[in-house]
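Engineer: Okay, here's the structure, questions in a sec.
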Amino acid sequence: MTDNATRTDLFTPINLGAMKLANRILMAPVTRSRYAEDGIPNELHAEYYAQRATAGLIVAEATNISAQGRGYAATPGIWSEEQVAGWKKVTDAVHAAGGKIVSQLWHVGRFSSVELQPDGAAPVAPSAIKAEGDTYTTNGFVPVSMPRALETDEIPGIIEQYKRAAENAKRAGFDGVEVHSANSYLLDQFLRDSTNHRTDQYGGSIENRARLTLEVTEAIVKIWGNDRVGIRLSPVTPDAGNTRPDSNVMAMYGYLIQQLNAFDLAYLHFVEGATATSREVPEGVDMDALSAQFNGPFIGNNNYDLDMAIERRAQGKIDAVAFGRLFISNPDLVERLRRGAELTIAPRESYYGGGAKGYTDWPVGNY
1 MTDNATRTDL
11 FTPINLGAMK
21 LANRILMAPV
31 TRSRYAEDGI
41 PNELHAEYYA
51 QRATAGLIVA
61 EATNISAQGR
71 GYAATPGIWS
81 EEQVAGWKKV
91 TDAVHAAGGK
101 IVSQLWHVGR
111 FSSVELQPDG
121 AAPVAPSAIK
131 AEGDTYTTNG
141 FVPVSMPRAL
151 ETDEIPGIIE
161 QYKRAAENAK
171 RAGFDGVEVH
181 SANSYLLDQF
191 LRDSTNHRTD
201 QYGGSIENRA
211 RLTLEVTEAI
221 VKIWGNDRVG
231 IRLSPVTPDA
241 GNTRPDSNVM
251 AMYGYLIQQL
261 NAFDLAYLHF
271 VEGATATSRE
281 VPEGVDMDAL
291 SAQFNGPFIG
301 NNNYDLDMAI
311 ERRAQGKIDA
321 VAFGRLFISN
331 PDLVERLRRG
341 AELTIAPRES
351 YYGGGAKGYT
361 DWPVGNY
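Here it is, written out as structure tokens:
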């Protein structure tokens with residue numbers, strides 16, 4: 001059997017801020033849609049995450065910071081006491097198995113339906129620009145709804161939602177939090193001029209469009225400390241909502257990353273290309289040039305295999321790598337990669353919904 005640990009340092013410990021990880025192979029946030037409408041984690045979710053605790057760090061699936069922030073049925077929340085208690089079961093199980101886990105704080109912004117919003121309200125967004133596509137509700141897939149633009153005086157309330165979620169994540173026993181400023185959800189919608197047509201201090205210039213992500217990050221750092229806060233960015237992915245990238249990706253995200261350096265965050269986590277589909281980027285965009293501007297640890301993500309991760313680590317382009325889909329059907333992925341063991345590929349129908357089948361019933365490898 002191969003020992004890939006002789007080829008790379010990806011299997012050796014790394015510190016991401018105050019988080020001491022056993023290896024540099026992380027579990028990316030993977031939505032699995034196995035929650036009731038109350039968004040409360042239970043023993044099934046605790047078992048699922050504990051099975052994957054040999055990842056250097058688990059970034060738990062995107063978690064709604066508020067009822068308003070929800071854009072899909074069957075996703076977890078972290079705004080209620082019951083949700084906090086549910087997540088405590090998860091973090092306790094992961095810690096008992098020797099793992100580390102952070103919460104990814106999520107507000108979908110415009111990518112929602114009135115069927116999912118409190119009192120049937122319109123989803124909120126930087127501007128009243130409708131996303132493309134359908135979202136999942138208890139009645140099946142429905143087109144996303146026309147959003148309304150947030151009033152300037154509502155922005156502090158959005159920041160409060162993030163703060164409450166960050167405080168709840170702390171009480172739930174997470175090791176840290178990840179600011180979800182990616183994948184064309186609320187914070188990313190403020191960043192991109194394709195979705196942000198505001199004329200107040202949160203729109204227009206690059207500095208204004210970056211303001212909300214920076215204010216949210218600052219508020220969370222005050223709660224957690226800089227060394228337990230990471231951030232996820234996805235400069236070019238069109239999903240969710242088939243959202244156009246910013247008209248000047250390099251300037252927008254270059255500015256943002258340079259401003260984020262002032263916080264001395266635990267890590268930067270990038271979706272390199274289009275989420276779960278392609279590593280291709282538009283002409284004139286250089287992902288490595290962007291990530292190189294970040295002063296702290298950098299986590300690469302999107303369609304990696306081990307050889308690519310080893311190569312990019314050897315080139316100094318990543319400090320760690322996050323795998324998503326491979327962790328679905330390989331709970332012991334780190335050991336399988338280290339030994340060069342065969343990987344199980346999950347069928348797409350097992351990704352979302354259902355119960356234990358296709359979720360916690362994947363065996364560990366034969367090695």
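The opening residue of the sequence shown carries number 1 in the UniProt record's numbering; numbering runs sequentially from there.
Just so it is clear, CB atoms sit at the ideal spot from N, CA and C, and this is done for glycine as well.
Given the structure is predicted, the values throughout are model-derived calculations rather than measurements.
When DSSP builds the beta bridges, which residues end up paired with Arg148?
Structural biologist: Indexing the sequence shown from 1 puts residue 148 at position 148. Partner(s): Val124.
Engineer: Could you check which residue in Leu333, Ser278, Asp200, Thr217 has the C-alpha nearest to that of Pro126?
Structural biologist: As a first step, residue 126 is located in the sequence shown; it is residue number 126 there, counting from the start. Taking only the C-alpha atoms, the option nearest Pro126 is Asp200.
Engineer: If you follow the alpha helix (DSSP H) that His45 is part of, which residue opens it and which one closes it?
Structural biologist: Within the sequence shown, residue 45 is the residue found at index 45, counting from 1. Looking at the DSSP string, the run of the alpha helix (DSSP H) that includes His45 is 43-51.
Engineer: Inspect the beta-carbon positions of Arg32 and Tyr359 and report whether they are closer than 8 Å.
Structural biologist: Taking the first residue of the sequence shown as 1, we reach residue 32 at position 32. Taking the first residue of the sequence shown as 1, we reach residue 359 at position 359. Yes.
Engineer: Helix, strand or coil for Trp224, going by three-state DSSP, please let me know.
Structural biologist: Start at 1 with the first residue of the sequence shown, and residue 224 comes out as number 224. In this structure, Trp224 counts as helix in the three-state DSSP scheme.
Engineer: Going along the chain, which residues of its own chain have a beta-carbon closer than 7 Å to the beta-carbon of Val94, five neighbours each way excluded?
Structural biologist: Indexing the sequence shown from 1 puts residue 94 at position 94. Once the five neighbours on either side are set aside, the close Cβ partners of Val94 are Tyr49, Ala50, Ala53, Ile58, Ile101.
Engineer: I'd like the span of the beta strand (DSSP E) that includes Asn168, first residue to last.
Structural biologist: Position 168 of the sequence shown, counted from the first residue, corresponds to residue 168. Looking at the DSSP string, Asn168 is not in any beta strand (DSSP E); the run it does join, the alpha helix (DSSP H), is 155-171.
Engineer: Does the distance from the CB of residue 407 to the CB of Ala73 come in under 8 Å?
Structural biologist: Not covered by the structure: residue 407. The range shown for the chain is 1 to 367.
Engineer: On the CB-based measure, 16 or more other CB atoms within 10 Å of its CB, does Lys222 come out buried or exposed?
Structural biologist: Locating residue 222 in the sequence shown gives position 222, where the first residue counts as 1. Classification of Lys222: exposed, given that the 10 Å Cβ count is below 16.
Engineer: Can you find at least 3 beta carbon pairs, one from the segment 21-41 and one from the segment 2-13, that sit closer than 8 Å?
Structural biologist: A contact exists between the segment 21-41 and the segment 2-13.
Engineer: Considering Cα atoms alone, identify which of Ser247, Gly203, Ser145, Asp188 is closest to Asp231.
Structural biologist: The residue given as residue 231 occupies position 231 in the sequence shown. Before going further, note that residue 231 is Ile rather than Asp in the sequence given. Of Ser247, Gly203, Ser145, Asp188, the residue nearest in Cα terms is Asp188.
Engineer: If you run the structure through DSSP and keep just helix, strand and coil, what is Glu178?
Structural biologist: Position 178 of the sequence shown, counted from the start, is the residue given in the question as residue 178. If DSSP states are grouped into helix, strand and coil, Glu178 belongs with the strands.
Engineer: Among Asp246, Glu218, Leu186, which residue has its Cα nearest to the Cα of Gly204?
Structural biologist: Position 204 of the sequence shown, counting from 1, holds the residue named residue 204. Checking every option, the nearest Cα to that of Gly204 belongs to Asp246.
Engineer: In whole angstroms, what separates the C-alpha of Phe190 from that of Ala60?
Structural biologist: Taking the sequence shown and counting its residues from 1, the one referred to as residue 190 is at position 190. Taking the sequence shown and counting its residues from 1, the one referred to as residue 60 is at position 60. Rounded to whole angstroms, Phe190 to Ala60 spans 24 Å at the Cα level.
Engineer: Quick check for students: name the residue ranges of the alpha helix (DSSP H) that lie wholly in the segment 268-305, counting only runs of 4 or more.
Structural biologist: Entirely contained in the segment 268-305, the alpha helix (DSSP H) runs reaching 4 residues are, in chain order, 287-291.
Engineer: Counting only runs that start and end within the segment 206-268, where is the alpha helix (DSSP H) found for 4 or more residues in a row?
Structural biologist: Fully enclosed alpha helix (DSSP H) runs of no fewer than 4 residues occupy 206-224, 249-260 of the segment 206-268, in order along the chain.
Engineer: To which residues of the same chain is Asp134 closer than 8 Å at the C-beta, ignoring the five residues directly before and after it?
Structural biologist: Taking the sequence shown and counting its residues from 1, the one referred to as residue 134 is at position 134. Cβ within range, chain order: Phe141, Val142, Pro143, Val144.
Engineer: Which first and last residues belong to the beta strand (DSSP E) in which Trp106 is found?
Structural biologist: What you label residue 106 is simply residue 106 of the sequence shown in a count that begins at 1. Its beta strand (DSSP E) spans residues 101-106.
Engineer: How would you write the range of the beta strand (DSSP E) that Gly140 sits in, first residue to last?
Structural biologist: Position 140 of the sequence shown holds residue 140. Gly140 -> beta strand (DSSP E) spans 140-143.
Engineer: To the nearest angstrom, how far is it from the Cα of Arg164 to the Cα of Met146?
Structural biologist: Stepping through the sequence shown from its first residue, residue 164 is reached at position 164. Stepping through the sequence shown from its first residue, residue 146 is reached at position 146. Rounded to the nearest whole angstrom, the CA to CA distance from Arg164 to Met146 is 27 Å.
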